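In short: position in the sequence shown from 1, add 722, done, that's the working numbering.
Even for Gly, the Cβ is constructed at its ideal location relative to N, Cα and C.
These numbers were taken from a predicted model, which means no experiment stands behind them.
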Amino acid sequence: MATVAPPLATPEQIAKYEPVIGLEVHVQLGTRTKIFCSCPNEFGAAPNTNVCPVCLGMPGALPVLNKEAVELAMQASLALHCEVRNTSIFARKNYFYPDLPKGYQISQYDRPVAEHGWVEIELADGTKKRIGVTRLHMEDDAGKNTHDGYRDSDSYSYVDLNRCGSPLAEIVSEPDMRSSEEAFQYLTELKLAMQFTGVSNCDMEKGNLRCDANVSVRLKGAEKFGTKAEIKNLNSFRFLRQAIDYEIARQVGVLESGGKVVQETRLYNPDIDETLSMRSKEEAHDYRYFPEPDLVPLQISDEWLARVKAGMTELPAERRKRFVEEYGLREYDAQVLTATRELAEYYEEAARVSGDPKLAANWVTGDLAGMLKAEGKEIEDSRVSAARLGELAGLIAKGELTGKLAKEILPKMWESGDAPRAIMEREGLKAMSDTGEIEKIIEQVIAGNPKQVEQYKGGKTSVIQFFVGQVMKATRGQANPATVTEVLKQKLG
Ligand SMILES: [Zn+2]
723 MATVAPPLAT
733 PEQIAKYEPV
743 IGLEVHVQLG
753 TRTKIFCSCP
763 NEFGAAPNTN
773 VCPVCLGMPG
783 ALPVLNKEAV
793 ELAMQASLAL
803 HCEVRNTSIF
813 ARKNYFYPDL
823 PKGYQISQYD
833 RPVAEHGWVE
843 IELADGTKKR
853 IGVTRLHMED
863 DAGKNTHDGY
873 RDSDSYSYVD
883 LNRCGSPLAE
893 IVSEPDMRSS
903 EEAFQYLTEL
913 KLAMQFTGVS
923 NCDMEKGNLR
933 CDANVSVRLK
943 GAEKFGTKAE
953 IKNLNSFRFL
963 RQAIDYEIAR
973 QVGVLESGGK
983 VVQETRLYNP
993 DIDETLSMRS
1003 KEEAHDYRYF
1013 PEPDLVPLQI
1023 SDEWLARVKA
1033 GMTELPAERR
1043 KRFVEEYGLR
1053 EYDAQVLTAT
1063 RELAEYYEEA
1073 ARVSGDPKLA
1083 ANWVTGDLAG
1093 MLKAEGKEIE
1103 DSRVSAARLG
1113 ELAGLIAKGE
1123 LTGKLAKEIL
1133 PKMWESGDAP
1143 RAIMEREGLK
1153 AMSDTGEIEK
1163 IIEQVIAGNP
1173 KQVEQYKGGK
1183 TSVIQFFVGQ
1193 VMKATRGQAN
1203 PATVTEVLKQ
1213 KLG
């Protein structure tokens, strides 16, 4: 029986409710080989070439746990402030689907590798909020079904099992988020933590970071959670936000029309910006979990955990804090410069070479960022290396270049790949250090503009900018504007 869905709620109706959101995130661990066999863990190979009896689920083929996958899962757990269990158990999660030849997924059930962590997010008003991480468990990935792109796609689907057995960490949050924005911030911080530690590249286009959201609503002030819907496959940050907002409006609409929210799994369709029912609770899977008989319990000793911890790189939040304390950067700049691990490393190298971390920060977030944006490039593709940018900032810091000259030189570095000093020598660009010469030019400018001198002396001190501009023009930007201003003030009395 077809029923007409109630209308989406109005903003006034939504305002009466509080959304409750939890996320389940799958992160593909960046190992060389799969989790239970030695097939390569790589994306983009010809279909069904990275497979063996183990990941194809052949009878009698036995899984062997990949130590690198365990260590990455330990790092992921530590990055999310989780407690890592000394003993965890692999379990079979049974279900039937063509992309899962074993007929079950090897996952972890009642004893996951880690629990009780948190991720700190910053809210719009600047306050911090901790989102609880319930658990992190390891599991193997399924293959992929392809329903289109082939000549006979109208009658056949194809199965590629290359991804079968790729190592995943599933990270389940507490239902601590109260808006799509908080969910967005949580996923952003989680992704950064995975990238900074090198656990995963989190490339969403390749499916290395996948997210499902549990969403419910309750009247503000209510204690009890509402009935939740699970939204599957939110494969971009934009879709995550849109899908949650849609789902909140849908659920409030149902409640406000006197209906009941049904517990179900829904799929977000970005083409129409709606979530659609996939299966109801009655049809929900019973996975019949049981301990995996082919794998011994995973034992993680305190020594092993300590060793992995000692080898970890700094987390984004730690790095941000250090940028403020060690380099004297503003919070905002520290935030921008830790947007990716590559950017943070580029900046630190430039800062070290320049000897002036604040100045280096200005050039990375300013002119260089502009040039990257203009060409649609990421920092790792920059045609000016971190060391070269550091040299440029260093020359300004030492007074050998003015900011204006450096702005001329940087595009030339971008084009030629040359060192800034080589360009300075080739083009005869350098800051004027001869104050006698600067004074002479200033005197000429003053003599040539009696009207402005009159205005200045009459109290209109802002005219000084006009004089500075004239001097900079006359020196082709080679004079230091601060020196010019100072000398001008003296001469004008
Ligand atoms: Zn294999």
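Self-check item: Chain-ordered residues, beta carbon under 5 Å from a heavy atom of ligand 1
Solution: C759, C761, C774, V776 and C777
Quiz prompt | Cutoff 8 Å; reference Y826; Cβ partners in own chain excluding five residues on either side | solution = R814, K815, N816 and Y817
Exercise. Tell me whether Y1011 sits in a helix, a strand or coil according to DSSP, three-state version.
Key: coil
Self-check item: Residue(s) in a DSSP beta bridge with V747
Solution: I893 and C933
Quiz item: Within this structure, are the beta carbons of A1115 and A1072 separated by less than 8 Å?
Solution: yes
Quiz item: Hey, would you say P785 sits closer than 8 Å to D1016, going by beta carbons?
Solution: yes
Quiz item: Which value, in whole angstroms, describes the spacing of the CA atoms of P741 and V939?
Solution: 4 Å
Exercise. Could I get the ranges of all uninterrupted alpha helix (DSSP H) runs contained in the segment 1037 to 1079, with 4 residues as the minimum, in chain order?
Key: 1038 to 1049, 1053 to 1059 and 1063 to 1076
Quiz prompt | N-terminal and C-terminal residue of the alpha helix (DSSP H) that E1122 is part of | solution = From DSSP, E1122 is part of no alpha helix (DSSP H); its letter is neither H nor E.
Quiz item: In terms of DSSP beta bridges, what is G839 paired with?
Solution: V855
Quiz item: Does the beta carbon of E1053 sit closer than 8 Å to a beta carbon anywhere in chain C?
Solution: The question asks about chain C, but that chain is absent: this structure has only one protein chain.
Practice problem: Assign N930 to buried or exposed, taking buried as 16 or more other Cβ atoms, counted over all protein chains shown, within 10 Å of its Cβ. | Solution: buried
Quiz item: Within this structure, are the beta carbons of R852 and E844 separated by less than 8 Å?
Solution: no
Quiz item: The beta strand (DSSP E) spanning Q827 covers which residue range?
Solution: Y826 to Q830
Exercise. Spatial neighbours of E1053 within its chain, please: CB distance less than 7 Å, with the 5 preceding and 5 following residues excluded, ordered by chain position.
Key: V1046
Quiz item: Expressed to the nearest angstrom, what Euclidean distance is found between the alpha-carbon atoms of Q1166 and T1157?
Solution: 14 Å
Quiz item: Hey, out of I970, K850, G1150 and A935, whose CA is closest to T1197's CA?
Solution: G1150
Quiz item: Under the DSSP definition of a beta bridge, which residues are partnered with F812?
Solution: Q830
Practice problem: Using 10 angstroms around the beta-carbon of R754, count the other beta-carbons present and answer buried if the total reaches 16, otherwise exposed. | Solution: exposed
Quiz prompt | Rounded C-alpha distance that separates V855 from V983 | solution = 26 Å
Quiz prompt | Exposure label - Q1212; buried when at least 16 CB within 10 Å | solution = exposed
Practice problem: Mark Y878 as exposed unless 16 or more other C-beta atoms lie within 10 angstroms of its C-beta, in which case mark it buried. | Solution: exposed
Quiz item: Do the CB positions of Y968 and E996 come within less than 8 Å of each other?
Solution: yes
Practice problem: State the Cα-Cα distance for the pair N1202 and K1099, rounded to the nearest angstrom. | Solution: 32 Å
Practice problem: Figure out for me which residue from H859, N884, Y1011 and R857 has the closest Cα to the Cα of N867. | Solution: N884
Quiz prompt | Same chain only: Cβ atoms within 7 Å of F761, ignoring 5 sequence neighbours per side | solution = According to the sequence as given, residue 761 is Cys; it is not Phe. Excluding positions up to five away in sequence, the list reads T755, N772, V773, C774, C777 and G887.
Exercise. For T849, name the three-state secondary structure that DSSP assigns.
Key: coil
Quiz item: Among residues of its own chain, excluding the 5 on either side of L1210, which ones have a beta-carbon nearer than 7 Å to its beta-carbon?
Solution: I1164, I1186, F1189 and V1190
Quiz item: Which value, in whole angstroms, describes the spacing of the CA atoms of A935 and I966?
Solution: 8 Å
Exercise. Let me know the alpha helix (DSSP H) ranges lying completely inside the segment 731 to 784, each 4 residues or longer, listed in chain order.
Key: 733 to 736
Quiz item: By Cβ distance below 6 Å, which residues in the same chain neighbour C924 in space, the five residues on each side in sequence not counted?
Solution: K913, M916, Q917, N930 and L931
Quiz prompt | CB of I743 within 8 Å of CB of L802, strictly | solution = no
Quiz prompt | Host beta strand (DSSP E) of A944 (start-end) | solution = Careful: A944 lies outside any beta strand (DSSP E) and carries neither H nor E.
Practice problem: Assign D1024 to one of two classes, buried (16 or more other C-beta atoms within 10 Å of its C-beta) or exposed (fewer than that). | Solution: exposed
Practice problem: With DSSP collapsed to three states, give me the class of P998. | Solution: Checking the sequence, you will find Leu at residue 998 rather than Pro. DSSP places L998 in strand when its eight states are reduced to three.
Self-check item: Exposure of S922, with buried meaning 16 or more beta-carbon neighbours within 10 Å
Solution: buried
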